[in-house]
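Q: Before I ask anything, here is the structure I am working with.
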Amino acid sequence: MLTSALLDLPNELILHIFALFPTSTLLSISPVSHRFHDLVLRLLQLRLLQAAELPDHTLLLECHHPSQKFTEAPLHCPYLGTPMLDNKEKGIAGSIGGLSLLRGAYSSYQPCRRKAESPARKRPGDIPGSRTHQESSPPAQSSSPTPASSSSNGPILEPEPVKQIISLEDHELFSQLCATVNLVRTGPRLGLFRSFVSINDESVVRVWKNWLGRRTIVDSSSPNSCADSLDYGISHSDLNIPLPLRKGEKSKGVLNFTHEHISEDEGVLWFDLYKHVGLRVGVRETKWAGDPLMLLNNEDEVASYEVEYKEMIVRTSHLLLFMEESWRQQDNSTGKSIVFGSWDT
């Protein structure tokens with residue numbers, strides 16, 4: 001009786017009930033019936049889209065050589081898009097295999113450096129209330145170009161792409177990059193975070209010399225192959241999630257489609273074995289600009305490559321779980337915090 005009464009409820013009411021459960025609970029509910037599976041699929045699609053846009057959150061990327069661990073600043077990663085979920089009116093077609101397709105969705109973020117903020121100097125004799133005071137004087141018009149992005153609470157980001165120089169000696173087969181990605185919730189003051197969740201622990205990625213050489217040839221032949229495109233082989237016309245069928249309705253069929261998974265892209269440096277987080281890079285070989293080097297016949301020149309961080313790729317379902325953990329930290333917070341640091345008096 002209870003089961004039949006629950007199935008007689010309208011889809012909109014069941015969606016409101018399911019919205020109260022976390023994602024892990026929804027995944028355990030989906031095998032109950034085809035109708036529950038379709039409703040969970042629709043709800044998870046909306047959650048993935050919301051998590052990918054990072055509401056009130058920021059992704060911080062640390063990707064540097066081990067020798068730069070204490071000197072390299074983290075990179076802010078604004079949201080670029082999620083090709084599979086960007087069209088809010090459309091989704092994954094059919095009810096069979098829909099959850100596995102949602103698990104294959106990736107979101108892209110642009111690594112950017114934070115622009116250095118120089119403190120304004122006060123001129124001698126600048127008395128508050130006078131016509132020369134900084135607060136009362138009108139701001140000067142600047143003809144410099146606007147930064148890449150800025151907000152009232154967020155940092156100002158540099159528009160230039162982030163690049164890393166990797167140099168390898170003749171006997172070196174690979175270099176290493178230390179990578180860490182953190183999901184933070186911005187606070188009222190720049191540099192203070194209300195929540196801090198690590199998406200992946202600090203991983204060490206080996207960048208092989210042979211791989212750098214191959215990527216140099218590929219990127220030089222097609223420099224704009226995938227740098228400015230977010231289409232990973234999925235057409236929005238192939239995506240459509242209908243509402244679950246009521247009793248007596250006939251199914252319109254399941255539209256099956258295949259696409260080249262982004263995890264097979266050789267131009268992505270993955271930070272983990274499960275390919276949850278990766279960095280799409282562009283490689284360009286740099287030549288020695290100094291005097292000619294004296295080398296032996298069997299000795300190669302020092303190889304130097306310029307690696308450009310084009311976009312960071314995160315599995316959207318993986319990001320959703322850590323986004324919910326950040327929301328739980330916000331709900332359990334007491335409003336009290338201890339800040340450690342040195343303050344100028």
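Taking the UniProt record's numbering, the leading residue of the sequence shown gets 1, the next gets one more, and so forth.
Glycine is no exception: its CB is placed at the ideal position from the N, C-alpha and C atoms.
Quick caveat: nothing in here was measured; it's all calculated off a predicted structure.
Hey, R280 and E311 are a contact pair by Cβ (cut 8 Å); roughly how many whole angstroms apart?
A: Contact holds; Cβ gap of about 5 Å.
Q: S317 and L46 look like a contact to me (Cβ under 8 Å); what is the Cβ gap, rounded to whole Å?
A: So it is not a contact: roughly 13 Å between Cβ atoms.
Q: Under the three-state reduction of DSSP, which class applies to M323: helix, strand or coil?
A: helix
Q: What distance in whole Å lies between the Cβ atoms of L320 and A19, which are believed to be in contact at a cut-off of 8 Å?
A: Wrong, their Cβ atoms sit about 14 Å apart, outside the cutoff.
Q: Using the three-state DSSP reduction, which class does F196 fall into: helix, strand or coil?
A: strand
Q: For F196, which residues of its own chain have a beta-carbon under 7 Å away from its beta-carbon, when the five flanking residues on both sides are left out?
A: N182, V184
Q: Under 8 Å, do S107 and T71 count as touching if we go by C-beta distance?
A: no
Q: Just checking my contact of S326 with H57 at CB under 8 Å: how many whole Å lie between their CB atoms?
A: 7 Å
Q: Should I165 be labelled buried (16 or more other beta-carbon atoms within 10 Å of its own) or exposed?
A: exposed
Q: Can you tell me where the beta strand (DSSP E) with K209 in it begins and where it stops?
A: K209 -> not in any beta strand (DSSP E); alpha helix (DSSP H) instead, spanning 209–221.
Q: Which same chain residues, not among the five before or five after S304, have their C-beta less than 6 Å away from its C-beta?
A: S167, T286
Q: Using a 10 Å radius around the Cβ and a threshold of 16 neighbouring Cβ atoms, would you call L273 buried or exposed?
A: exposed
Q: A52 by DSSP, collapsed to three states: which one?
A: Three-state DSSP puts A52 in a helix.
Q: Indicate the three-state DSSP secondary structure (helix, strand or coil) for E12 in the structure shown.
A: helix
Q: If you drop the 5 nearest sequence neighbours on each side, which residues of the same chain put their C-beta closer than 7 Å to that of residue 346?
A: The shown model of the chain, from 1 to 345, leaves out residue 346, and the question about it has no answer.
Q: Is the beta carbon of V205 closer than 8 Å to that of F271?
A: yes
Q: Starting from I29, trace the alpha helix (DSSP H) in both directions and tell me its first and last residue.
A: 23–29 is the extent of the alpha helix (DSSP H) around I29.
Q: Answer with buried or exposed for D38, where buried requires no fewer than 16 other C-beta atoms within 10 angstroms of its C-beta.
A: buried
Q: Tell me the rounded alpha-carbon separation between V277 and Q110.
A: Rounded to the nearest whole angstrom, the CA to CA distance from V277 to Q110 is 13 Å.
Q: If the criterion is Cβ atoms closer than 8 Å, does the pair L157 and K115 meet it?
A: yes
Q: Look at the Cβ atom of P74, then the Cβ atom of E62, and state whether they are nearer than 8 Å.
A: yes
Q: Taking the alpha helix (DSSP H) that P269 belongs to, which residues open and close that run?
A: Correcting the residue identity first, residue 269 is Leu in this sequence and not Pro. Note, L269: premise wrong, no alpha helix (DSSP H); beta strand (DSSP E) at 268–270.
Q: Is it right to say E89 is buried, meaning 16 or more other beta carbons lie within 10 angstroms of its own, or is it exposed?
A: Any answer about E89 is weak, because its pLDDT of 48 lies below 50 and its placement is not dependable; what the coordinates show is given next. By the neighbour-count rule (16 or more Cβ atoms within 10 Å), E89 is not buried but exposed.
Q: Is it buried or exposed, Q330, if we count other Cβ atoms within 10 angstroms and call 16 or more buried?
A: exposed
Q: Quick check on the burial criterion: 16 or more other C-beta atoms within 10 angstroms. Buried or exposed for G267?
A: buried
Q: Look up D170 in the DSSP assignment and say whether it is helix, strand or coil.
A: If DSSP states are grouped into helix, strand and coil, D170 belongs with coil.
Q: Could you say which of S28, E324, H34, I262 lies nearest to N11 if we only look at CA atoms?
A: H34
Q: Could you check where the beta strand (DSSP E) with R113 kicks off and where it finishes?
A: Looking at the DSSP string, R113 is not in any beta strand (DSSP E), and its letter there is neither H nor E.
Q: How would you label G282, buried or exposed, when you count the other beta carbons within 10 angstroms and need 16 or more for buried?
A: Buried, since its Cβ has 16 or more Cβ neighbours within 10 Å.
Q: From the DSSP output, in three-state form, read off L39 for me.
A: helix
Q: Counting only the same chain and skipping the five closest in sequence on each side, list residues whose C-beta sits under 6 Å from that of M323.
A: A51
Q: Out of E308, V302, K275, which one is the CA nearest neighbour of R103?
A: K275
Q: Can you give me the C-alpha to C-alpha distance between Y309 and V32, rounded to a whole angstrom?
A: 44 Å
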